[in-house]
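All the letters of the sequence shown, read from the start, carry residue numbers -6 to 311 under this note's numbering.
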Amino acid sequence: MPHKPQVLFAGTRVVAALVVITIALGWFAGHEQLKAERGTVVPDFLGEPESEPASAPVPFGKAGSQARAASPAGVPEGPIPTRNLWSILREGGPLMMPIAVCSLVLVAVVFERMIMLRRGRVIPRPFTRRFLEQLRLGELSQPTALELCLRDGSATAKVFAGAVRKWGRPSVEVEQGYLDAAERVAGELRRNLRVLNGVATVSPLLGLLGTVLGMIQAFNVVATADALGRPELLAKGISQALLTTAAGLSVAIPALLAYLYFGSRVDRLLADIDGLAQEVVQNIAGDNLKPADTKATKSGRRKHTPQPEPEVLSGTSG
């Protein structure tokens, strides 16, 4: 199967569109939630209601009278406030946005690597089986084999092409040819894995920085608001500060697992490609072929080599 970068670009555009739609929906839901919470009494962190607004919306009709009758004294009326993605991002502080960007990068890279590291894409079975079978039967010449490898364009075909370019030379040179090609292919297969490692490293650091800044802000509020005897103010600030650490770890742990998984997958694929390339070396190396077979493979016909006549030993007469 020829390599088509257009498929990768299309998949990247789809992932980017889904990310934009998710952000837009989260922003819209958070905006609607803020509009719904206006005019209602929002409970404090420990359940103590804040000062009641001047005019609170009261439902009309029979349902409203039943709601007023069922509401106990001191309990605020209206919908119970809920938390969504946008409200969590707002509560976590400014460093929640970089952590959210890291999570989007993580999702995009994971989808891209899942597509590019499929075994059928890296080691296409039809091409590999047909190519090795024709080599064993002696049906391929060097130009034909090189053309087949370049036409396929997979990672395995690129490694085979590195060996085919050294056709007929000693096995050491042929092995060096495919090893050089395999090194380039390994770099392509490990592409974007450093991004996963970077996300796994940076995300918890961003969360820790957000926690430190949140703790500083919480203690400043307690110190300047004459909050003696009101531990709920400190507890609320600490809970919001720890939110960034939880978000950073929630991004870093999947990123580290994805990095380890894709790294081991690349190692397994390279080991399989190395085994297939060794078989190619055994079939095209010059020290593994007879001279007549080498000439026949390149020219398409075998050259007859005359055999020397046996010498006749003359005996001495007695």
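From the three backbone atoms N, C-alpha and C, an ideal C-beta is built for every residue, glycine too.
All figures in this text were calculated on a predicted structure; none of them were measured in a lab.
Counting only residues of its own chain and dropping the five nearest sequence neighbours on each side, Ala150 has a CB closer than 7 angstroms to the CB of Phe120 and Cys142. For Ser147 and Leu253, the gap between their C-alpha atoms comes out near 24 angstroms. Residue Leu262 holds the alpha-carbon nearest to the alpha-carbon of Gly180 among Met89, Leu262 and Gly279.
Thr204 sits buried, since 16 or more C-beta atoms from the chains shown fall within 10 Å of its C-beta. Listed in chain order, the non-local C-beta contacts of Met208 below 8 angstroms within the same chain comprise Gly230, Ile231 and Ala234, local neighbours out to five positions each way being set aside.
Thr217 is not a Cβ neighbour of Leu88, given a cutoff of 8 angstroms. No residue range can be given for Ile116, since it is assigned to no alpha helix (DSSP H) and is classified by DSSP as neither H nor E. Contact check for Ala270 against Val152 passes: the beta carbons are separated by less than 8 angstroms. Bounds of any alpha helix (DSSP H) do not take in Pro163, whose DSSP letter is neither H nor E. In the three-state reduction of the DSSP assignment, Ser134 falls in the coil class, being assigned neither a helical nor a strand state. For the beta strand (DSSP E) assignment, the region 171 to 217 encloses no uninterrupted run of at least 3 residues. Only residues of its own chain outside the window of five on either side were considered, and among them Leu227, Gly230, Ile231 and Ala234 have a CB closer than 7 angstroms to the CB of Ala211, listed in chain order. Per the C-alpha coordinates, the member of Thr137, Ile108, Val244 and Ser164 positioned closest to Pro91 is Val244. At the C-beta level, Leu99 and Leu189 come within 8 angstroms of one another.
Counting other Cβ atoms within 10 Å of its Cβ, Ala154 reaches 16 or more and is therefore classed as buried. Taken through DSSP and simplified to helix, strand or coil, Gly241 comes out as helix.
In the assembly as shown, Val165 is an exposed residue. Its beta-carbon has fewer than 16 other beta-carbons within 10 Å. Nearest neighbour of Val102 by Cα position, chosen from Leu182, Ala175 and Ala138, turns out to be Leu182.
Going by beta carbons, Ala264 and Gly200 fall outside the 8 angstroms limit.
Pro91: member of the alpha helix (DSSP H) spanning Met89 to Met109, first to last residue. It is roughly 40 angstroms from the alpha-carbon of Glu140 to the alpha-carbon of Leu249.
Taken through DSSP and simplified to helix, strand or coil, Gly268 comes out as helix. With 16 or more other Cβ atoms inside 10 Å of its own Cβ, Gly170 counts as buried.
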